[in-house]
Amino acid sequence: MAKPFIIAFLLLVTVVIIGTVGYILIQGWSPFDALYMTVITIGTVGFREVGELTPTGKAFTIIIIIFGIGVGGYAIANFSAYIIEGFIQNFFKGKKMEKKISKLRNHIIVCGYGKTGDEIVNNLKNASKEFVLIENDEQKIAELKDEGLLVIQGDATEDEVLEKAGVRHAHGLITSLSHDADNVYVTLTARGQNPNIRIIARAVDESSSKKLLRAGANKVVSPYSIAGKRMAGLMLDPGIVDFLEVMVQSQELELKIEEIKLDASSSLINKLLRESNIKAETDGATVIGVKNPDGKIVVNPPGNTRLTQGIILYVLGNEAQISSMQQLAGSS
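Counting in the working numbering, the sequence shown runs from 710 upward without gaps.
Structural data, given as structure tokens:
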């Protein structure tokens, strides 16, 4: 739509130049008087003429009025079309997005798109997870929509906004708003609307962590605490930190750690870990930890660990190995 506006502007400038030059030549007026006369003629404002017009000057004025009205009409028509088309387009785009969001199940809701939110979104996209963003900043929203992401404009602390994001059907919610009080309120609201939702909340102030846990957050993340531990780790044990980073984050290695729950139908039930032969059965998957039904987590579990129904295995492997492990555990 920019091209018609440029054309209209150039036509208007052309009419002004022709009018100014015409009045100078026909009426013998000064350039300023000629320009003034051209502008009030095009604008049809009805101000008094600069001077007495000759018959040729009157005929020239008629031509300027006709061209001026034509150019003005052209500009107004294009501007109106731009506004109306944009409104209709945005309306239907919004409705289409709302429909998509309403159909989501077991998705993730991300509240806030700051620096932390940007990193969260990138990780969710890389993991091919369905998610909805809640953001207030119109400029950010426009950019996110251009990327094809599902976005809701609004305040995440409001019940109706979380409702629009499908909080009742969501698997999880990550709230990374800039103020801890807002994160507490979002956590309370989300937990009230969906008792089973998994909530991860950001705490800028360490003292807010307990409040967020009491409000219903499953886990609380403090960016400053994590950054401090990581920096200290890089200084004290740089090799180990580098290894863990490559192991968990490297896309070239295609490694990931998956949480897999042992189903009653699994052939592993009641076997000892050493008897399970998991590494051979899955072509390389490794159990690096277990979570017992009582919630106790054991890292690098011993071979005499009994694999019972409901136990959760933390498994390290590539995509194929993890898939084989899920089938073996009966949770695929």
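Glycine residues also receive a C-beta, built at the ideal position from the N, C-alpha and C atoms.
Look up residue 966 in the DSSP assignment and give the residues it is bridged to. 1025
Is the region 837-851 in contact with the region 773-787, if contact means three or more CB pairs nearer than 8 Å? no
Simplified DSSP state of residue 928, which is helix, strand or coil: strand
DSSP state of residue 1039 mapped onto helix, strand, coil: coil
Using the C-alpha atoms, what's the distance from residue 790 back to residue 778? 18 Å
If you follow the alpha helix (DSSP H) that residue 881 is in, where does it begin and where does it stop? Careful: residue 881 lies outside any alpha helix (DSSP H), inside the beta strand (DSSP E) at 881-884.
So, with DSSP's three-state summary, where would you put residue 875? coil
Compute the distance between the beta-carbons of residue 899 and residue 870, then report whether it is under 7 Å. no
Would you grab the beta carbon distance between residue 1074 and residue 1022 for me? Rounded to a whole angstrom, and I think it's under 8 Å. Beyond the ends of the chain as shown, which are 710 and 1041, falls residue 1074; an answer cannot be given.
Reducing DSSP to helix, strand and coil, say where residue 736 ends up. helix
Complete runs of the alpha helix (DSSP H) confined to the region 711-797 [at least 4 residues]: 711-736 and 740-752
Are the region 831-841 and the region 805-822 touching, with three or more C-beta to C-beta distances below 8 Å? yes
Give me whichever residues DSSP pairs with residue 910 in a beta bridge. 884 and 929
Relative to the C-alpha of residue 889, which residue among 743, 930, 861 and 857 is closest? 930
For residue 915, is the classification buried or exposed, using 16 other Cβ atoms within 10 angstroms of its Cβ as the cut-off for buried? exposed
Going by DSSP, what residues sit across from residue 895 in a beta bridge? According to DSSP, residue 895 bridges with nothing at all.
8 Å CB neighbourhood of residue 918 in its chain, flanking five on each side removed: 912, 929 and 931
Should residue 971 and residue 1014 be called a contact, given that it needs their Cβ atoms to be closer than 7 Å? no
Neighbourhood of residue 963 by C-beta distance below 8 Å, restricted to the same chain and skipping five residues each side: 1027 and 1028
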